[in-house]
Each structure stands twice: as structure tokens, then as C-alpha cells.
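Participant: This structure is in C-alpha cells; I'll ask about it shortly.
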Amino acid sequence: MASAGGKMLSAEERRRQKELEEARKAGLAAPEVDEEGNAINPHIPQFMASAPWYLNNDRPSLKHQKNWKEGVTDTKVWYDRGAKVFQATKYRKGACENCGSMAHKTKDCLERPRTKGARWTGKSIAADEKVQDIQLAGFDAKRDRWNGYSNDEWVKEAERFEKVAELRAEIRRKELIDQTDGDEELAVDADLEEEEDKVDETDNAGFAKVEKAVRTVGGGSTGTVRNLRIREDTAKYLLNLDLDSAYYDPKSRSMRQDPNPDKDPSQKTFAGDNFVRQSGAVAGFSSLNAFSVTAYERGQDVHLQATPSQAEAAFQQFRTRKEALGQSSKADMLAKYGNAAAPLTEDVAALRGSEAYVEYDASGRLLRGHEVVALSKYEEDIHPGNHTSVWGSYWKDGQWGYACCHQFVKNSYCTGKVGETAAMEAAEQLHRNMQNKVQELEAREPTSRPEGTQPNQMALWGTETEEGVQLDDAKLKAAIQKQERLEREALEQDGRKRGYNSLSAGGLEVTAEDMEAYRLKRARDDDPLAAITKAKAGPAADGYDLV
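Residue numbering for the sequence shown follows full-length UniProt numbering, beginning at 1 and increasing consecutively.
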């Protein structure tokens with residue numbers, strides 16, 4: 001066996017070297033030290049601790065395992081906030097038109113909008129800010145949210161808090177002196193009592209904390225922690241509790257259908273997971289597919305699945321030609337008929353007179369006429385998404401939208417009168433659905449039975465009493481007596497001579513009192529107390545009550 005330097009070792013040397021390694025691993029011997037004096041972990045394998053032969057290093061070392069490239073070091077320089085580099089005395093080309101600084105543009109200016117900017121007055125030119133470009137190359141430095149923070153800033157904030165607290169205490173002391181008619185001792189006592197009450201409230205506030213115990217995996221408790229927050233959002237499977245509504249798959253946590261299809265779209269927070277299938281590049285792919293099918297039917301050799309690149313190129317060429325044709329048609333129409341919406345030229349505007357009378361005094365203040373409103377530094381009359389009105393020109397049910405298409409989504413594309421009609425139809429359909437639902441619920445309510453109709457099945461057979469029926473006590477008593485008389489006559493007569501019961505026999509009509517008398521007097525063989533009552537009333541009774 002060869003050593004780290006390539007020298008062959010004898011069996012005795014190999015045995016002693018192995019014993020030394022075992023002792024170092026067990027902690028009985030001191031660990032080996034590299035060339036820099038650092039201890040080497042004895043558990044590191046020899047092929048890692050031994051240097052390659054071309055380094056000519058006989059001693060074990062880990063220096064050859066380190067990265068020889070220079071590490072990334074981030075600069076300690078940070079932005080010099082509020083520093084000025086140059087103070088100009090006159091306006092320079094390309095500077096901010098409002099303040100005259102070269103460090104920013106006009107729309108990014110943070111100063112107060114002037115009536116006349118520095119471009120026209122040449123006065124009060126703001127100094128140029130110091131613009132620094134600091135590049136952070138390190139991974140941690142880019143993500144350090146406290147990078148560039150100085151502790152001296154917090155010292156200033158603490159001093160300001162102390163001054164504010166002293167001013168509040170002084171104001172409070174003066175108020176207490178005024179309340180106690182100038183007696184400073186009573187004011188101090190009242191202030192101490194109020195502070196003690198605040199301390200008691202602070203101590204008692206800890207008992208009102210909502211806390212919960214946190215359990216570990218083994219079942220032990222790690223103490224109590226405060227509840228972080230109360231969740232106010234509603235899960236998608238709780239939006240509609242009807243079992244016949246949209247199906248929720250708990251495994252994939254997906255609900256493809258809309259749980260509330262009858263709800264106003266503007267009031268929905270979730271419209272089903274299938275809504276995502278119509279977003280993104282789906283519309284472009286659908287247009288490409290329709291173009292390829294139409295082109296193939298008209299004789300062109302275009303197939304989306306066989307030659308997708310050719311189909312995409314043909315579709316892009318078709319769109320370019322279509323847009324060019326539309327632009328040329330629009331230009332021809334404008335050249336032939338003109339454009340009434342185009343702004344007036346300077347020659348025509350100069351010929352138009354104005355009857356507005358404006359009068360100023362010697363100091364330049366407005367005496368008569370309309371005051372000139374200062375223009376806003378923000379962009380105005382911008383209509384994104386092909387809209388013809390600005391955002392906020394339409395208001396309905398607590399929502400802002402566009403007046404041109406009645407849409408409530410700010411980044412939406414204008415749909416014109418078609419979108420307005422669709423929104424109105426959706427609202428009307430929702431109103432009709434609500435009316436139909438109300439009518440359906442009203443139809444389910446129990447109503448009185450029309451005259452000449454038969455009662456329900458349970459009331460017809462005499463097993464239960466029909467709901468909502470008022471019984472007359474006198475008629476009920478007469479019906480019971482009649483029922484008893486019929487039973488006595490039936491016992492006296494022969495069974496073969498008894499007539500059958502009929503609802504129309506003899507022009508008689510069975511009333512609710514007759515049915516109640518029948519239910520009260522009929523025999524109940526399944527009643528356990530019926531046998532006791534019959535035994536007490538029979539000839540075998542001896543006068544004793546059965547228990």
C-alpha cells in the first residue's frame with residue numbers, strides 16, 4: 001500500500017496507520033492538521049483529503065477542494081439620498097419643464113406643479129439630483145431588504161418619539177390643572193390615578209387573548225400561540241350548498257362548472273375552473289384553427305396538425321393583409337368624405353372669434369371672465385382597449401365602469417353596443433330567473449282543497465286527520481252517538497243483512513266530524529291498553545284495577 005506521497009508502506013506501518021485513523025475517529029487521538037493549521041475531520045475519506053499527485057503535496061489538505069476563483073464581493077457603497085451635484089442658473093434643453101432639473105422628466109417631477117414652469121420663466125431652477133447606479137452581484141445582497149439601512153435613522157425616530165411624548169405629557173398636565181381650578185397637586189394625583197388605571201387595563205388585556213395549543217407530531221404540546229388571522233374568504237365548495245349544483249372534486253380541488261350560474265356576473269368571485277380554459281392564448285389558437293379549416297376547404301394546402309409552422313405563417317400573412325386592407329379602406333373613406341372629428345387647423349381656428357370677456361387688475365389677478373385652469377401633469381383622455389369613454393364614466397350598483405360598453409373591468413376590451421346589450425340581457429335574465437324562483441316557491445305552498453275534490457289518501461282511509469280542518473264540538477258529539485248506535489245495530493243484526501258502506505248511499509256525505517268519530521270509536525288491536533280496558537269492562541272483572 002502506498003502513502004499519500006507515493007511511498008510504499010510495510011505491513012507494520014499500515015497497521016499503525018490504520019490504528020491511528022481508528023483512534024482519531026473515536027476521539028482518542030488528536031485530529032490531523034493541514035498546512036494552514038486547520039484540523040481535518042477524521043471522517044473525511046482519504047481520496048478527498050489527499051491532494052492529487054501533480055500538486056506535489058505530501059500532507060493531507062482540503063485546500064485543493066476549495067474554489068480557486070475569486071468570490072463575488074458586493075460593494076459597501078449605497079445611494080447618497082438627497083445629494084445634489086449641480087445647481088444650474090438657466091434652463092437647459094432636455095430638463096424638466098416644471099422645475100428645470102436634468103435628473104428626471106416632466107411627468108416624473110415630484111415638485112408642486114407651477115403656473116409657469118422653469119422652461120418659460122427661467123427662475124428657481126432646481127438642482128440636479130445625484131443619480132447612482134449600484135450593481136449588486138451577490139445573491140444575498142439582492143434579496144436583503146435591510147440593505148443600505150443605517151441605525152442612525154432609528155435614533156432620530158426615537159428622539160422624535162420622545163419629544164412627542166413630552167409634549168403630550170405637558171399638554172395633559174395643563175388640561176388637568178385647568179380642570180382642578182389651578183391646583184397642581186390635585187392634577188398630579190389625578191394623572192397618577194389615570195396611569196394606574198391604564199396599567200390595570202393593560203394587565204387584564206392579556207386574559208382576553210385568544211390562544212390555541214400547538215401539538216407536535218409525538219403528541220406533546222409546544223405551548224400556546226396567538227391566532228394569526230381570521231379568514232374571511234369562502235371556499236369554492238361553499239359558494240352553493242345545493243347537491244345538484246356544480247361538482248367539486250376533492251382530490252384535485254377543482255370545480256369545473258359555475259356554482260352560481262344564475263348570479264349576476266359582476267357580483268361573482270368564482271365562475272368555475274373552466275373559465276380559465278377560455279383565457280390566455282386560447283382565443284388566438286381558436287382563430288388559427290378556424291383559419292386553417294376555412295383555407296383547406298377553399299383549396300389551399302394548409303393543415304394545422306401536419307404543418308403547424310406553415311399554417312401559422314399563412315395566418316400571420318392573412319392578418320397582415322387584412323389589417324392593411326382595412327387601413328387603406330379607412331384612408332379612402334376619410335379622403336373622400338373627410339373627418340368631422342379631426343381637430344381644426346390653425347388657419348380655421350384663427351378665423352373663429354370668441355365672445356368671452358376677460359379682465360385683470362394691475363397685479364394680474366382675474367376680475368372678470370373664466371379663470372384658466374392649470375393643466376394636470378397626468379395623461380388625460382386616454383382610451384385603452386378601443387374604448388370611446390374614460391374609466392369612471394359609468395356608475396351602477398356601486399361599481400365604476402365604461403359608458404361606451406357598460407363594462408366594470410378596467411383592463412377589458414371594448415365591446416360597444418353589443419356588450420351593453422349583452423349586459424342588459426344578462427340583468428333581465430337574472431331578474432326573470434328570480435321571478436320564476438319566487439313563483440315556484442309560491443306554487444309549493446299548501447293550498448285549500450277545491451270544492452268537489454276528494455281529500456288526501458290518509459284522510460280518506462281515516463288513519464290521520466287532514467290538516468287545517470276545524471271540527472264543531474256539537475257535530476262531533478252527534479257523530480259519536482251515531483257511530484255507537486250503528487255499532488249496536490250491527491251487533492244485533494245478522495252479518496249477512498248488513499249493507500255495505502258507500503259515500504253516496506242514501507245521499508249521505510261523510511263529514512270531517514264523522515271521520516273523527518270513526519277514528520275515536522274504531523277498534524285498535526295493536527293497542528296494549530285495549531285488552532286491559534276490555535277486561536275491566538267485561539263480566540270477569542272483580543272490581544280491582546289492573547296494574
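No residue lacks a Cβ here, since even glycine has one placed at the ideal position from N, Cα and C.
What is the C-beta distance between PRO259 and ASN240, in whole angstroms, given that I count them as a contact (C-beta under 8 Å)?
Facilitator: Your numbering for residue 259 matches position 259 in the sequence shown. Your numbering for residue 240 matches position 240 in the sequence shown. Sure, about 4 Å apart at Cβ, within 8 Å.
Participant: Please report the straight-line C-alpha distance between LYS437 and LYS268, rounded to a whole angstrom.
Facilitator: Numbered from 1 along the sequence shown, position 437 holds the residue referred to as residue 437. Numbered from 1 along the sequence shown, position 268 holds the residue referred to as residue 268. If I take the Cα positions, the gap works out to 19 Å.
Participant: Rounded to whole angstroms, what is the Cα-Cα separation between PRO261 and GLN407?
Facilitator: Here residue 261 corresponds to residue number 261 of the sequence shown, with the count starting at 1. Here residue 407 corresponds to residue number 407 of the sequence shown, with the count starting at 1. If you take the alpha carbons of PRO261 and GLN407, they lie about 19 Å apart.
Participant: Spell out a yes or no on whether the segment 379-396 and the segment 364-371 are touching, meaning 3 or more CB-CB pairs, one atom from each, closer than 8 Å.
Facilitator: Taking 8 Å as the limit for Cβ pairs, the verdict is that the segment 364-371 does not touch the segment 379-396.
Participant: How many angstroms separate the CA atom of GLY272 from the CA atom of ASP80?
Facilitator: By one-based count along the sequence shown, residue 272 stands at place 272. By one-based count along the sequence shown, residue 80 stands at place 80. Distance between the alpha carbons of GLY272 and ASP80: 51 Å.
Participant: Evaluate the contact criterion for the segment 121-130 versus the segment 143-151: three or more CB pairs, one atom per stretch, below 8 Å.
Facilitator: They do not touch, by the three-pair rule.
Participant: Are the beta-carbon atoms of ASN98 and ALA118 separated by less than 8 Å?
Facilitator: Residue numbering aside, residue 98 sits at position 98 when the sequence shown is read from its first letter. Residue numbering aside, residue 118 sits at position 118 when the sequence shown is read from its first letter. Yes, Cβ-Cβ distance for ASN98 and ALA118 is below 8 Å.
Participant: For TYR402, count neighbouring C-beta atoms within 10 Å of its own C-beta (all shown protein chains included) and say buried if the count is 16 or more, exposed if not.
Facilitator: As a first step, residue 402 must be located in the sequence shown, where it is residue number 402. Buried is the call here.
Participant: Do you know offhand how far LEU520's Cα is from ALA479's?
Facilitator: Translated into the one-based positions of the sequence shown, residue 520 becomes position 520. Translated into the one-based positions of the sequence shown, residue 479 becomes position 479. Roughly 11 Å separates the two Cα atoms.
Participant: Alpha carbon to alpha carbon, how far is SER50 from ARG59? Give it in angstroms, no decimals.
Facilitator: Residue 59 sits at position 59 when you count from the first residue of the sequence shown. Residue 50 sits at position 50 when you count from the first residue of the sequence shown. About 7 Å.
Participant: Starting from GLY401 and walking both ways along the beta strand (DSSP E), at which residues does that stretch end?
Facilitator: For the purposes of this step, residue 401 is taken as the residue at position 401 of the sequence shown. Per DSSP, GLY401 belongs to the beta strand (DSSP E) from 399-401.
Participant: Could you give the DSSP three-state label for TYR247: helix, strand or coil?
Facilitator: Against the sequence shown, residue 247 aligns to sequence position 247. Three-state result, TYR247: coil.
Participant: Check whether the Cβ of GLN407 sits closer than 7 Å to any heavy atom of the ligand FAD, and report yes or no.
Facilitator: This structure does not include the ligand FAD; it has no bound ligands of any sort.
Participant: Name the one or two DSSP bridge partners that ASP128 has.
Facilitator: Your numbering for residue 128 matches position 128 in the sequence shown. Bridge partners of ASP128: PHE86.
Participant: Quick one: what's ALA51 bridged to in DSSP?
Facilitator: Within the sequence shown, residue 51 is the residue found at index 51, counting from 1. Paired residues: none, contrary to the question.
Participant: LEU288 and ALA324: beta carbons closer than 8 Å?
Facilitator: Position 288 of the sequence shown holds residue 288. Position 324 of the sequence shown holds residue 324. Result no, Cβ atoms of LEU288 and ALA324 do not sit closer than 8 Å.
Participant: Can you round the beta-carbon distance between ALA314 and ALA295 to whole angstroms, since I take them to be within the 8 Å contact cut?
Facilitator: In the sequence shown, the residue the question calls residue 314 occupies position 314. In the sequence shown, the residue the question calls residue 295 occupies position 295. Right, the Cβ-Cβ distance comes to about 7 Å (below 8 Å), so this counts as a contact.
Participant: Spatial neighbours of ALA208 within its chain, please: C-beta separation below 7 Å, excluding the five flanking residues on both sides.
Facilitator: Position 208 of the sequence shown, counting from 1, holds the residue named residue 208. Because ALA208 carries a pLDDT of 43, less than 50, the predicted location of this residue cannot be relied on, and the following value inherits that uncertainty. Cβ neighbours of ALA208 beyond the five flanking positions: none.
Participant: Using 10 angstroms around the beta-carbon of SER254, count the other beta-carbons present and answer buried if the total reaches 16, otherwise exposed.
Facilitator: Numbered from its first residue, the sequence shown carries residue 254 at position 254. Classification of SER254: exposed, given that the 10 Å Cβ count is below 16.
Participant: Start and end of the alpha helix (DSSP H) containing ARG59?
Facilitator: Here the question's residue 59 lines up with position 59 in the sequence shown. Element bounds for ARG59: n/a, residue is neither H nor E.
Participant: Take GLN135 as the anchor and find which of VAL77, GLU166, ARG112 has the nearest alpha-carbon.
Facilitator: The residue you call residue 135 lines up with position 135 of the sequence shown. The option with the nearest alpha carbon to GLN135 is VAL77.
Participant: Ignore the nearest five residues each way along the sequence and tell me which others in LYS25's own chain have a CB closer than 8 Å to its CB.
Facilitator: Numbered from 1 along the sequence shown, position 25 holds the residue referred to as residue 25. Around LYS25: PRO42, HIS43.
Participant: Ignore the nearest five residues each way along the sequence and tell me which others in ALA341's own chain have a CB closer than 7 Å to its CB.
Facilitator: On the sequence shown, residue 341 is found 341 positions in, with the first residue counted as 1. Once the five neighbours on either side are set aside, ALA341 has no close Cβ partner at all.
Participant: The alpha helix (DSSP H) that contains ARG173, what's its start and end?
Facilitator: For the purposes of this step, residue 173 is taken as residue 173 along the sequence shown, with counting starting at 1. From DSSP, the alpha helix (DSSP H) with ARG173 extends over 151-179.
Participant: Please list the terminal residues of the continuous alpha helix (DSSP H) segment that includes LYS142.
Facilitator: Locating residue 142 in the sequence shown gives position 142, counting from the first residue. Looking at the DSSP string, the run of the alpha helix (DSSP H) that includes LYS142 is 139-142.
Participant: Is DSSP giving GLU211 helix, strand or coil here?
Facilitator: Within the sequence shown, the letter at position 211 stands for residue 211. Any reading at GLU211 must be qualified, since the residue scores a pLDDT of 47, below 50, and its modelled position is unreliable; the value itself is stated next. Note: GLU211 maps to strand in three-state DSSP.
Participant: Apply the 10 Å Cβ neighbour rule to THR415 and answer buried if 16 or more other Cβ atoms are within range, or exposed otherwise.
Facilitator: As a working mapping, residue 415 is identified with position 415 in the sequence shown. Answer is buried; the Cβ neighbour count reaches 16.
Participant: So if DSSP puts SER287 in a beta bridge, which residue, or which two residues, is it bridged to?
Facilitator: Start at 1 with the first residue of the sequence shown, and residue 287 comes out as number 287. The partner list for SER287 (beta bridge, DSSP) is empty, contrary to what the question assumes.
Participant: May I ask you to report which of helix, strand or coil DSSP gives MET333?
Facilitator: If you number the sequence shown from 1, residue 333 lands on position 333. Helix at MET333.
Participant: Quick check on the burial criterion: 16 or more other C-beta atoms within 10 angstroms. Buried or exposed for GLU440?
Facilitator: The count along the sequence shown starts at 1 and reaches residue 440 at position 440. Classification of GLU440: exposed, given that the 10 Å Cβ count is below 16.
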